[in-house]
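S.K.: In my numbering, the protein residues as written are 4 to 197.
Ideal Cβ positions, reconstructed from N, Cα and C, are used throughout, including at glycine.
There's a structure below that I have some questions on.
What follows is the structure in structure tokens.
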């Protein structure tokens, strides 16, 4: 079985990528970090230290892509043709804030987490009683908004990073949507006052 190799890339359109050598990007950022492996978790660990703007500026400064690719979305791709969104510093900070706040997780996000968790657990394991046990624990944790239990179940269920990454992405995407909705409501209130 061929090893899956992940790369950071600018995706102009489906199948049209400019691969960014992450180690050249490290140099362009002026960091004293050693080399980064071509594994999904390693790329995420690196990209979550920077905003998307910082990454794009470093790519431009390092002359790593032609003009036609510079405004294209940053993605993680692999030799299995994955096209995955990156995790930036801003995404990670919002996720970390949610995880550590006293704020309850919204009902919509709870449903999304449970659905993804269920799908992943059912693919990963075969023992029905084990699967049901994990799902029941997750239902109880979500119902009571026990964030430590929720995130521990996600991270410690014996699943690999590649399997749980979609849950992280869904949480981050939902946080973005909720923030955008809050901003729209604030603007509407300002317009009503004016």
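By alpha-carbon positions, which one of 23, 124, 130, 18 ends up nearest to residue 11?
M.R.: Locating residue 11 in the chain shown gives position 8, where the first residue counts as 1. Ranking 23, 124, 130, 18 by Cα distance to residue 11 puts 23 first.
S.K.: Give me, in chain order, the residues of the same chain whose beta-carbon lies closer than 8 Å to that of residue 71; leave out the 5 immediate sequence neighbours on both sides.
M.R.: Taking the chain shown and counting its residues from 1, one reaches residue 71 at position 68. Answer for residue 71: 15, listed in chain order.
S.K.: Please report the Cβ distance between residue 13 and residue 21, rounded to the nearest whole angstrom; I am assuming they are in contact, meaning their Cβ atoms lie under 8 Å.
M.R.: Your numbering for residue 13 matches position 10 in the chain shown. Your numbering for residue 21 matches position 18 in the chain shown. At roughly 5 Å, the Cβ-Cβ gap stays under 8 Å, so residue 13 and residue 21 are in contact.
S.K.: Are there three or more Cβ pairs, one per stretch, closer than 8 Å when the region 93-111 is compared with the region 172-182?
M.R.: Touching, per the Cβ criterion.
S.K.: Starting from residue 68, follow the alpha helix (DSSP H) in both directions and report where the run begins and ends.
M.R.: Translated into positions along the chain shown, residue 68 becomes position 65. No alpha helix (DSSP H) holds residue 68; DSSP gives it neither H nor E.
S.K.: Which same chain residues end up closer than 7 Å to residue 160 when comparing Cβ atoms and leaving out the 5 residues on each side of it in sequence?
M.R.: For the purposes of this step, residue 160 is taken as the residue at position 157 of the chain shown. 124, 137.
S.K.: Pick helix, strand or coil for residue 12, following the three-state DSSP scheme.
M.R.: Numbered from 1 along the chain shown, position 9 holds the residue referred to as residue 12. Here residue 12 sits in strand by DSSP.
S.K.: Assess contact between the region 74-85 and the region 151-160, defined as three or more Cβ pairs (one per stretch) separated by less than 8 Å. Is contact present?
M.R.: no
S.K.: If distances are taken between C-alpha atoms only, which option among 141, 62, 82, 122 comes closest to residue 42?
M.R.: Sequence index remark: in the chain shown, residue 42 carries index 39 (1-based). With distances taken between Cα atoms, residue 42 lies closest to 82.
S.K.: For a quick check, are the C-beta atoms of residue 59 and residue 31 less than 8 Å apart?
M.R.: As a working mapping, residue 59 is identified with position 56 in the chain shown. As a working mapping, residue 31 is identified with position 28 in the chain shown. The answer is no: Cβ separation not under 8 Å.
S.K.: Report buried or exposed for residue 141, applying the criterion of at least 16 other Cβ atoms within 10 angstroms of its Cβ.
M.R.: On the chain shown, position 138 is the one that residue 141 refers to. In the assembly as shown, residue 141 is a buried residue. Its beta-carbon has 16 or more other beta-carbons within 10 Å.
S.K.: Measure the C-alpha to C-alpha separation of residue 118 and residue 49 and round it to an integer number of angstroms.
M.R.: The residue you call residue 118 lines up with position 115 of the chain shown. The residue you call residue 49 lines up with position 46 of the chain shown. Roughly 28 Å separates the two Cα atoms.
S.K.: Would a C-beta distance cut-off of 8 Å place residue 146 and residue 92 closer than the cut-off?
M.R.: In the chain shown, the residue the question calls residue 146 occupies position 143. In the chain shown, the residue the question calls residue 92 occupies position 89. In this structure, residue 92 does not lie closer than 8 Å to residue 146 by Cβ.
S.K.: In the structure shown, what three-state DSSP assignment does residue 19 receive?
M.R.: Residue numbering aside, residue 19 sits at position 16 when the chain shown is read from its first letter. Here residue 19 sits in strand by DSSP.
S.K.: Apart from the five residues just before and just after residue 152, which ones in its own chain have a Cβ nearer than 6 Å to its Cβ?
M.R.: Residue numbering aside, residue 152 sits at position 149 when the chain shown is read from its first letter. Same-chain partners within the cutoff: 144.
S.K.: Going along the chain, which unbroken runs of the alpha helix (DSSP H) with 4 or more residues stay wholly within the region 150-176?
M.R.: 150-158
S.K.: How is residue 79 classed by DSSP in three states: helix, strand or coil?
M.R.: To locate residue 79, count along the chain shown from 1; it is residue 76. Residue state, collapsed to three classes: strand.
S.K.: So residue 31 is in the alpha helix (DSSP H); what residue range does that whole segment cover?
M.R.: Taking the first residue of the chain shown as position 1, residue 31 is located at position 28. Per DSSP, residue 31 belongs to the alpha helix (DSSP H) from 25-31.
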